[in-house]
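>
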Amino acid sequence: MNDINEEMPWLPADIDETFDPLAHADVEIDAETPIAVTPRGGAREVGRSCYQVDTEFSTLLVDCGLNQGTGDSFPDFRGLEPGSVGAVFLTHAHIDHSGGLPVLEARGLLADDAPIIATPPTIEIAKTLLEDSLKIHRRESRHAGEEQQYVEAHVEAIFERFEPVDYGGGRAEALADIPDEDPLVFQMGNAGHLLGSAWLMLQTNGYRTVFSGDLGGRAPHLPDITAPPQADLLVLESTYGSLHSHTSMSDAQTDLYNAVKRAIQSGEPVLIPTFAVGRAQVLMLMFANRLHTLSDDVRDRVQLVVDGMAQEATDIYHEFTTNASFMDESIVNRVESGTPKPFLRDDTAFPDTDSHRRAILSDAAQSGGKVPIIIAPSGMLTGGNSPRYLTEFAARFGSANIFLTGYQAQNTTGRVLQDQIKADKDELTYTVTSEPLGTDWPSTSNIVRTTVEEEGAAKHVTRATIPADWVSTINGLSGHAAQSGLLEFARTVNPETVALIHGPEYAQGDLATHLAKNVESLSEATRSRMLTPIAVSREIDVDTPALTPEHFDGDDLSVPEKIEIMQEQLSAMSEDLAAARNDTSPSEAEIRRIVRDEYESAEETG
1 MNDINEEMPW
11 LPADIDETFD
21 PLAHADVEID
31 AETPIAVTPR
41 GGAREVGRSC
51 YQVDTEFSTL
61 LVDCGLNQGT
71 GDSFPDFRGL
81 EPGSVGAVFL
91 THAHIDHSGG
101 LPVLEARGLL
111 ADDAPIIATP
121 PTIEIAKTLL
131 EDSLKIHRRE
141 SRHAGEEQQY
151 VEAHVEAIFE
161 RFEPVDYGGG
171 RAEALADIPD
181 EDPLVFQMGN
191 AGHLLGSAWL
201 MLQTNGYRTV
211 FSGDLGGRAP
221 HLPDITAPPQ
231 ADLLVLESTY
241 GSLHSHTSMS
251 DAQTDLYNAV
261 KRAIQSGEPV
271 LIPTFAVGRA
281 QVLMLMFANR
291 LHTLSDDVRD
301 RVQLVVDGMA
311 QEATDIYHEF
321 TTNASFMDES
331 IVNRVESGTP
341 KPFLRDDTAF
351 PDTDSHRRAI
361 LSDAAQSGGK
371 VPIIIAPSGM
381 LTGGNSPRYL
391 TEFAARFGSA
401 NIFLTGYQAQ
411 NTTGRVLQDQ
421 IKADKDELTY
431 TVTSEPLGTD
441 WPSTSNIVRT
451 TVEEEGAAKH
461 VTRATIPADW
471 VSTINGLSGH
481 AAQSGLLEFA
491 RTVNPETVAL
501 IHGPEYAQGD
511 LATHLAKNVE
521 SLSEATRSRM
531 LTPIAVSREI
541 DVDTPALTPE
551 HFDGDDLSVP
561 EKIEIMQEQL
571 SAMSEDLAAA
581 RNDTSPSEAE
591 IRRIVRDEYE
601 SAEETG
């Protein structure tokens, strides 16, 4: 029998629902090893972030998301017992961090009184996103002829579990029904990625782990990232770990605005697929600040359109515009100066029916009609109304503009378009499963509705072709920190071990190298692996290939030799246990003894 697990070659092939990652790794949680972190998603991928945290007395989760591309949508819950999860800490509301929560409920994995701990904005946004995610899950399950993983009752039960906390921290047992003897302490600080987003610190028995969540520090409407505390282990996102620095947000906005202005002057419609929460508000604020600078005759030809959840999310943003803990002071000051809704232009259209959407596009197709600038979820053209608008553009217009403003995950329509552009295709062909706005299109040969067989079931799809020059990628609008920002955060945490999460393989490889060379405290930088625990103790147990500073020491190695060493370390998926770090820091008992000795000495010399 083949004993290699094809998806996770570092694990046995025959693991089943009873698989226990801690037992398999021979990790025992005790006073000497008081905490372990096990990825159940978000390892070596962008999506379904989910990290199990075990202490001597409790099992917790940090985030519980889903994938936005294809593949395994939800976290891998194998080995979790019913009622075993005592609490969930949610770093922010994006669906790749929150979308798996209803599955936890549906499978009974949460303890009866287990809270989901998050900031107030995160809770409000998560409710909106989870309701929409349920609609998508229901539709996709029906199309695939499969049973739903969760239903509305599970989503409602999740809402009942939300426990709001402001930035700060305290004893976990004050919020969660965990044993009183568990000394677990938590701290949350602003991560600058999304309204209400947070990094998380968990401390027990004198050992600390920091989870970065998604780090930003780029959105002009959010406060700066709060400095995190120092920790033994840093679990760090790496989405843009291979990019030294982004184009400045201001320059990126100028690039996009100038491209949109050229489209308006040419009478060409604009589609900006975007995340409904975060990116959409950056765009809306930009247009609110800049469109008024157009000449009167040009401005009169513009119709700004905000579709779907972007409208609901913006309503939530406006609920927090006077709270300087969650919103930048410039926004607070603007509201106090008499602009109650700074993210909105007065003439913005919010279509809520397909007939309204078709009317906007029909008007745009007429001579002298208004040129629409459409901001619509989703940012990767995988759901929501953005792929529907894309299909309408293909059917109705001879020229148009699609601006991709964020990361496009594997197997999404956005990535399909980008890959074809990189391959120098003159025409781009894509297939979407979303229903069109209608079929009253002009006669066209570049779009067709058809049926395909998928796993024995018939699925209705729309296949279309558009010119390659319609699609542009605008860099620099990402809400994620690039390599320089991630390095700054890591230096502040000052960890001995960094476990990289939430990033593609190439980005994690580059970032691991960069951190190993530039973080003085670091003993190991490793790419985390699914269902592979990292035990936090005096000697952190990292059962993954790791880079250490020694790989970059010594002038006797040539550059090619150093590169070969790095490549071997980064590519080894099933290497033997990497050398554990040599932690010579004093233990908690030793620290107490030193303090006691100093105190007694001071008394004697007093």
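By UniProt numbering, the letter at position 317 of the sequence shown is numbered 317, and the numbering carries on one by one without gaps.
Built from N, CA and C at the ideal position, the CB exists for glycine as well.
Would you mind working out which of R449, Q52, Y207 and A111 sits nearest D20, comparing C-alpha positions?
Working through the sequence shown from its first residue, we reach residue 20 at position 20. Selected option, being the one with the closest Cα: Q52.
> Checking 8 Å against the spacing of the C-beta atoms, do P533 and A106 come in under that value?
Residue mapping note: residue 533 aligns to position 533 of the sequence shown, counting from 1. Residue mapping note: residue 106 aligns to position 106 of the sequence shown, counting from 1. The answer is no: Cβ separation not under 8 Å.
> Are the CB atoms of V461 and T433 within a distance shorter than 8 Å?
Here residue 433 corresponds to residue number 433 of the sequence shown, with the count starting at 1. Here residue 461 corresponds to residue number 461 of the sequence shown, with the count starting at 1. In this structure, V461 lies closer than 8 Å to T433 by Cβ.
> When you compare only the Cα positions, how much space is there between E268 and A365?
The residue labelled residue 268 in the question sits at position 268 within the sequence shown. The residue labelled residue 365 in the question sits at position 365 within the sequence shown. Their backbone Cα atoms lie some 9 Å apart in a straight line.
> Using C-beta distances below 6 Å, list every residue in its chain close to I402, excluding the 5 sequence neighbours before and after it, in chain order.
As a working note, residue 402 is residue 402 in the sequence shown. Closer than 6 Å at Cβ, skipping near neighbours: L271, W470 and V471.
> From R449 to N494, what distance separates their C-alpha atoms?
Working through the sequence shown from its first residue, we reach residue 449 at position 449. Working through the sequence shown from its first residue, we reach residue 494 at position 494. Between R449 and N494, the C-alpha separation is close to 55 Å.
> In terms of residue numbering, what span does the alpha helix (DSSP H) encompassing R279 cover?
Working through the sequence shown from its first residue, we reach residue 279 at position 279. R279 -> alpha helix (DSSP H) spans R279 to R290.
> Cα separation between V151 and R142?
Counting from one through the sequence shown, the residue named residue 151 turns up at place 151. Counting from one through the sequence shown, the residue named residue 142 turns up at place 142. Going by the C-alpha atoms only, they are around 13 Å apart.
> By a C-beta neighbour count over all protein chains shown, 10 Å radius and 16 as the cutoff for buried, is A198 buried or exposed?
Numbered from 1 along the sequence shown, position 198 holds the residue referred to as residue 198. Buried, because 16 or more other Cβ atoms sit within 10 Å of the Cβ of A198.
> Is DSSP giving N494 helix, strand or coil here?
Here residue 494 refers to the residue found at position 494 when the sequence shown is read from its first residue. DSSP places N494 in coil when its eight states are reduced to three.
> Output needed for G41: all residues of its chain with C-beta closer than 7 Å, excluding positions within five of it in sequence on either side, in chain order.
The residue labelled residue 41 in the question sits at position 41 within the sequence shown. For G41, where only same-chain residues beyond five positions count, the Cβ hits under 7 Å are R48, S49, C50, G65, P75 and D76.
> Can you tell me the Cα-Cα spacing of L522 and V62, whole angstroms?
Position 522 of the sequence shown holds residue 522. Position 62 of the sequence shown holds residue 62. Each residue's Cα considered, the two are about 23 Å apart.
> Which two residues bound the contiguous beta strand (DSSP E) that contains I117?
As a position in the sequence shown, residue 117 is number 117, starting the count at 1. I117 -> beta strand (DSSP E) spans I116 to A118.
> Quick check: the Cα distance between R581 and G414, rounded to an integer number of angstroms?
The count along the sequence shown starts at 1 and reaches residue 581 at position 581. The count along the sequence shown starts at 1 and reaches residue 414 at position 414. Interpretation of R581 is limited by its pLDDT of 30, a score under 50 that renders its predicted location unreliable; no figure is taken from the coordinates.
> Around the C-beta of H292, are 16 or more other C-beta atoms found within 10 angstroms, so that it is buried, or is it exposed?
Residue 292 sits at position 292 when you count from the first residue of the sequence shown. That one is exposed.
> Would you call the stretch 248 to 257 in contact with the stretch 344 to 361, where contact means no fewer than 3 C-beta pairs closer than 8 Å?
Output reads no: the stretch 344 to 361 does not touch the stretch 248 to 257.
> What did DSSP end up calling F19 once you bin it into helix, strand or coil?
If you number the sequence shown from 1, residue 19 lands on position 19. If DSSP states are grouped into helix, strand and coil, F19 belongs with coil.
> Give the range of the alpha helix (DSSP H) segment to which R388 is assigned.
Residue mapping note: residue 388 aligns to position 388 of the sequence shown, counting from 1. Looking at the DSSP string, the run of the alpha helix (DSSP H) that includes R388 is S386 to R396.
> With F159 as the anchor, note down where its alpha helix (DSSP H) starts and where it stops.
On the sequence shown, position 159 is the one that residue 159 refers to. Start and end: E152 to R161.
> Expressed to the nearest angstrom, what Euclidean distance is found between the alpha-carbon atoms of R262 and A400?
Taking the sequence shown and counting its residues from 1, one reaches residue 262 at position 262. Taking the sequence shown and counting its residues from 1, one reaches residue 400 at position 400. Going by the C-alpha atoms only, they are around 11 Å apart.
> Note down the Cα distance separating T18 from G79, rounded to an integer number of angstroms.
Taking the first residue of the sequence shown as position 1, residue 18 is located at position 18. Taking the first residue of the sequence shown as position 1, residue 79 is located at position 79. Near 5 Å, if we compare the C-alpha coordinates of G79 and T18.
> For the alpha helix (DSSP H) containing L361, list its first residue and its last residue.
Locating residue 361 in the sequence shown gives position 361, where the first residue counts as 1. Per DSSP, L361 belongs to the alpha helix (DSSP H) from D354 to A365.
> Is the distance from the Cβ of R301 to the Cβ of G479 below 8 Å?
The count along the sequence shown starts at 1 and reaches residue 301 at position 301. The count along the sequence shown starts at 1 and reaches residue 479 at position 479. It is not a contact, given that the beta carbons lie outside the stated cut-off.
> Would a C-beta distance cut-off of 8 Å place G196 and F326 closer than the cut-off?
Sequence index remark: in the sequence shown, residue 196 carries index 196 (1-based). Sequence index remark: in the sequence shown, residue 326 carries index 326 (1-based). Cβ distance < 8 Å, so G196 and F326 count as in contact.
> Determine the DSSP secondary structure at H97, reduced to helix, strand or coil.
Along the sequence shown, one-based indexing puts residue 97 at 97. Three-state DSSP puts H97 in a helix.
> Could you name each continuous beta strand (DSSP E) segment of 3 residues or more that falls completely within the stretch 39 to 113, going from the start of the chain to the end?
With a minimum length of 3 residues, the continuous beta strand (DSSP E) runs that stay inside the stretch 39 to 113 are 50 to 55, 59 to 64 and 87 to 89.
> Excluding the five sequence neighbours on either side, which residues of its own chain have a C-beta within less than 7 Å of the C-beta of M286, listed in chain order?
For the purposes of this step, residue 286 is taken as the residue at position 286 of the sequence shown. Excluding residues within five positions, the ones whose Cβ falls inside 7 Å are Q253 and Y257.
> Secondary structure at V165, three-state DSSP: helix, strand or coil?
Locating residue 165 in the sequence shown gives position 165, where the first residue counts as 1. Correct three-state label for V165: coil.
> Report, in whole angstroms, the separation of the C-beta atoms of P273 and L477, which I expect to be a contact under 8 Å.
Within the sequence shown, the letter at position 273 stands for residue 273. Within the sequence shown, the letter at position 477 stands for residue 477. That belief does not hold up - the Cβ atoms of P273 and L477 are roughly 12 Å apart, past 8 Å.
> Does the beta carbon of D424 fall short of 7 Å from some heavy atom of the ligand NAD?
As for the ligand NAD, it is missing from this structure, which has no ligand bound.
> Quick test of the definition: if touching needs 3 or more C-beta pairs under 8 Å, does the stretch 382 to 393 touch the stretch 315 to 335?
No, the stretch 382 to 393 does not touch the stretch 315 to 335.
> Could you pull the DSSP bridge partners for E453 from this structure?
Here residue 453 corresponds to residue number 453 of the sequence shown, with the count starting at 1. Its beta-bridge partners are A458.
> Along the alpha helix (DSSP H) that carries Q311, what are the first and last residues, could you check?
In the sequence shown, counting from the first residue as 1, residue 311 sits at position 311. Element bounds for Q311: M309 to E319.
> Give me, in chain order, the residues of the same chain whose beta-carbon lies closer than 8 Å to that of T492; leave out the 5 immediate sequence neighbours on both sides.
To locate residue 492, count along the sequence shown from 1; it is residue 492. Result list for T492: A227, P228 and Q230, in chain order.
> Which partner residues of S472 appear in the DSSP bridge assignment?
Translated into the one-based positions of the sequence shown, residue 472 becomes position 472. S472 is bridged to F403.
> So, is E124 buried or exposed, given that buried needs 16 or more other C-beta atoms within 10 angstroms?
Your numbering for residue 124 matches position 124 in the sequence shown. It is buried - the Cβ of E124 has at least 16 other Cβ atoms within 10 Å.
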